[in-house]
Amino acid sequence: MTEDQAGERIDRILGSHFDDISRSRFKDLIKQGQVAASGRTIVEPNYRVKPGDEISVTVPPAEDPEPKAQDIPLKVIFEDDSLIVIDKPAGLVVHPAAGNWDGTLVNALIAHCGDSLSGIGGVRRPGIVHRLDKETSGIMVVAKTDQAHKSLSEQFAAHGRDGRMTRAYEAIVWGALERMKGSIDAPLGRKQTNRQKIAVTERGRHAVTHYQVLETMPAKATKVITSRVRCILETGRTHQIRVHLAHIGHPLLGDASYGAHFAASAFKLGPEGQAALKALGRQALHAIHLGFEHPVSKEPMRFDSPLPADMAKLLATCRSTNL
Numbered sequence: 034m035t036e037d038q039a040g041e042r043i044d045r046i047l048g049s050h051f052d053d054i055s056r057s058r059f060k061d062l063i064k065q066g067q068v069a070a071s072g073r074t075i076v077e078p079n080y081r082v083k084p085g086d087e088i089s090v091t092v093p094p095a096e097d098p099e100p101k102a103q104d105i106p107l108k109v110i111f112e113d114d115s116l117i118v119i120d121k122p123a124g125l126v127v128h129p130a131a132g133n134w135d136g137t138l139v140n141a142l143i144a145h146c147g148d149s150l151s152g153i154g155g156v157r158r159p160g161i162v163h164r165l166d167k168e169t170s171g172i173m174v175v176a177k178t179d180q181a182h183k184s185l186s187e188q189f190a191a192h193g194r195d196g197r198m199t200r201a202y203e204a205i206v207w208g209a210l211e212r213m214k215g216s217i218d219a220p221l222g223r224k225q226t227n228r229q230k231i232a233v234t235e236r237g238r239h240a241v242t243h244y245q246v247l248e249t250m251p252a253k254a255t256k257v258i259t260s261r262v263r264c265i266l267e268t269g270r271t272h273q274i275r276v277h278l279a280h281i282g283h284p285l286l287g288d289a290s291y292g293a294h295f296a297a298s299a300f301k302l303g304p305e306g307q308a309a310l311k312a313l314g315r316q317a318l319h320a321i322h323l324g325f326e327h328p329v330s331k332e333p334m335r336f337d338s339p340l341p342a343d344m345a346k347l348l349a350t351c352r353s354t355n356l
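If you count by the working numbering, then the sequence shown holds residues 34 to 356, one letter each, in order.
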């Protein structure tokens with residue numbers, strides 16, 4: 034190891050030396066005892082290399098993913114040898130976890146992609162570089178090679194700061210936001226009283242959401258009932274958009290976790306609107322746009338997804354609500 038690299042994290046150094054293996058993969062290898070510094074096994078990814086360290090890495094053959102292939106229909110928007118872009122429907126869990134060991138996007142991808150699916154990202158999350166909540170619909174990209182996984186992971190980690198990635202969501206929220214455009218800068222962390230939920234907390238992780246109000250509904254009304262909002266993430270925390278909008282008093286329609294105190298507001302939508310909200314049965318949030326740099330060609334890739342039928346129906350009833 035060179036003098037100028039002494040003191041740096043070993044996972045960072047390894048990640049910078051190999052184009053086809055991601056830093057997250059090196060972290061896993063370190064934790065598995067597959068990395069040594071001058072003959073001594075290293076198990077902490079944050080190990081700081083010392084002058085003269087000789088680093089050795091053992092990369093075992095990729096393990097077959099534990100999840101089984103399942104014939105679950107996928108709406109594929111684009112696919113090549115490196116990646117696959119899909120339009121995820123609401124209700125589909127991204128990867129296996131407690132309570133959802135099958136019937137996930139990963140199960141569907143294994144069936145669709147077969148041996149080409151990248152094993153990087155963990156046994157239960159092959160190829161997954163980002164995720165959407167179960168009840169959030171919209172655009173997702175999945176890596177099919179180690180090179181693609183490394184590139185896409187880096188782009189998601191930068192959240193567009195390097196100009197390569199663009200992401201946008203659309204939401205239908207309660208009420209009229211004070212400003213037509215703004216940013217919500219509030220740290221997020223696990224709620225102490227309920228670890229399944231996220232909350233704004235001083236000890237949380239830095240989180241910023243930029244928003245723009247696209248329309249207020251009903252239009253020109255003296256008292257706005259709902260608004261359609263476009264959100265751009267500067268950070269990518271769990272439930273970020275849902276928690277941030279609820280934090281400023283405008284939770285998403287249909288969000289049982291963070292907007293339950295607005296449930297009684299449904300009567301304002303009228304019978305048709307109430308029926309549309311009930312039929313939605315989820316938070317009104319859709320990943321409407323995703324752009325990134327192709328891992329191999331370096332060409333800009335841009336994908337858009339129209340609002341799904343359930344959100345489009347709700348939006349139409351919000352526009353036509355009579356006060």
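Virtual Cβ for every residue (Gly too), placed ideally from N, Cα, C.
On a predicted model such as this, the values are computed, not experimentally measured, just so you know.
Below 6 Å CB to CB, which residues in the same chain sit around residue 249 once its five sequence neighbours on both sides are set aside?
-> As a working note, residue 249 is residue 216 in the sequence shown. Closer than 6 Å at the Cβ level, and outside the excluded window around residue 249, lie 209, 257 and 260.
Identify which residue in 162, 177 and 172 has its Cα closest to the Cα of residue 146.
-> Here residue 146 refers to the residue found at position 113 of the sequence shown. Its Cα nearest to that of residue 146, the residue 177 stands out among 162, 177 and 172.
Do you know whose CA, among 149, 133 and 140, lies nearest residue 112's CA?
-> Against the sequence shown, residue 112 aligns to sequence position 79. Between residue 112 and the set 149, 133 and 140, the nearest pair of CA atoms involves 149.
Assuming residue 63 contacts residue 88 under a Cβ cut-off of 8 Å, what Cβ separation, rounded to an integer in Å, is found between them?
-> Taking the first residue of the sequence shown as 1, we reach residue 63 at position 30. Taking the first residue of the sequence shown as 1, we reach residue 88 at position 55. 11 Å between Cβ atoms; not a contact.
With residue 316 and residue 169 assumed to form a contact (beta carbons below 8 Å), what rounded beta-carbon distance in angstroms separates them?
-> Reading the sequence shown from its first residue, position 283 is the one you call residue 316. Reading the sequence shown from its first residue, position 136 is the one you call residue 169. About 7 Å separates the CB atoms of residue 316 and residue 169; that is less than 8 Å, so the two are in contact.
Would DSSP call residue 82 helix, strand or coil?
-> Here residue 82 corresponds to residue number 49 of the sequence shown, with the count starting at 1. DSSP places residue 82 in coil when its eight states are reduced to three.
Verify whether the separation of the beta carbon atoms of residue 90 and residue 142 is less than 8 Å.
-> Numbered from 1 along the sequence shown, position 57 holds the residue referred to as residue 90. Numbered from 1 along the sequence shown, position 109 holds the residue referred to as residue 142. Not closer than 8 Å, so no.
Going by Cα to Cα distance, which pick from 130, 120 and 349 is closest to residue 252?
-> What you label residue 252 is simply residue 219 of the sequence shown in a count that begins at 1. The alpha carbon of residue 252 has as its nearest neighbour, out of 130, 120 and 349, the alpha carbon of 349.
For residue 250, name the three-state secondary structure that DSSP assigns.
-> Your numbering for residue 250 matches position 217 in the sequence shown. Three-state result, residue 250: strand.
Rounded distance between the beta-carbons of residue 219 and residue 190, thought under 8 Å | Locating residue 190 in the sequence shown gives position 157, where the first residue counts as 1. Locating residue 219 in the sequence shown gives position 186, where the first residue counts as 1. The C-beta distance from residue 190 to residue 219 rounds to 21 Å, too long to fall under 8 Å, and the pair is not in contact.
Flag this pair as touching only if the segment 102-110 and the segment 290-298 have three or more C-beta atom pairs under 8 Å; answer yes or no.
-> With the cut-off at 8 Å, the segment 102-110 and the segment 290-298 do not touch.
Can the beta-carbon of residue 160 be found less than 8 Å from the beta-carbon of residue 175?
-> Counting from 1 along the sequence shown, the entry for residue 160 is found at position 127. Counting from 1 along the sequence shown, the entry for residue 175 is found at position 142. Result yes, Cβ atoms of residue 160 and residue 175 sit closer than 8 Å.
Out of curiosity, what's the CA-to-CA distance linking residue 312 and residue 345?
-> Here the question's residue 312 lines up with position 279 in the sequence shown. Here the question's residue 345 lines up with position 312 in the sequence shown. Each residue's alpha carbon lies about 12 Å from the other.
Report, in whole angstroms, the separation of the C-beta atoms of residue 333 and residue 181, which I expect to be a contact under 8 Å.
-> On the sequence shown, residue 333 is found 300 positions in, with the first residue counted as 1. On the sequence shown, residue 181 is found 148 positions in, with the first residue counted as 1. Wrong, their Cβ atoms sit about 15 Å apart, outside the cutoff.
May I ask you to list the residues that DSSP assigns as paired with residue 112?
-> Mapped onto the sequence shown, residue 112 falls at position 79. Answer by DSSP bridge pairing, in chain order: 117.
Look at the Cβ atom of residue 306, then the Cβ atom of residue 354, and state whether they are nearer than 8 Å.
-> As a working note, residue 306 is residue 273 in the sequence shown. As a working note, residue 354 is residue 321 in the sequence shown. Yes. Within cutoff.
Inter-residue Cα distance where the pair is residue 330 and residue 308 | By one-based count along the sequence shown, residue 330 stands at place 297. By one-based count along the sequence shown, residue 308 stands at place 275. Just so you know, the alpha carbons of residue 330 and residue 308 end up roughly 47 Å apart.
Buried/exposed call for residue 184, threshold 16 Cβ in 10 Å | Position 151 of the sequence shown, counting from 1, holds the residue named residue 184. Counting Cβ neighbours within 10 Å, residue 184 comes out buried, since at least 16 surround it.
Using a Cβ-Cβ cut-off of 8 Å (strictly less than) and excluding sequence neighbours within five positions of residue 172, which residues of its own chain qualify?
-> For the purposes of this step, residue 172 is taken as the residue at position 139 of the sequence shown. Closer than 8 Å at the Cβ level, and outside the excluded window around residue 172, lie 110, 118, 119, 120, 121, 320, 321, 322, 323, 336, 337 and 338.
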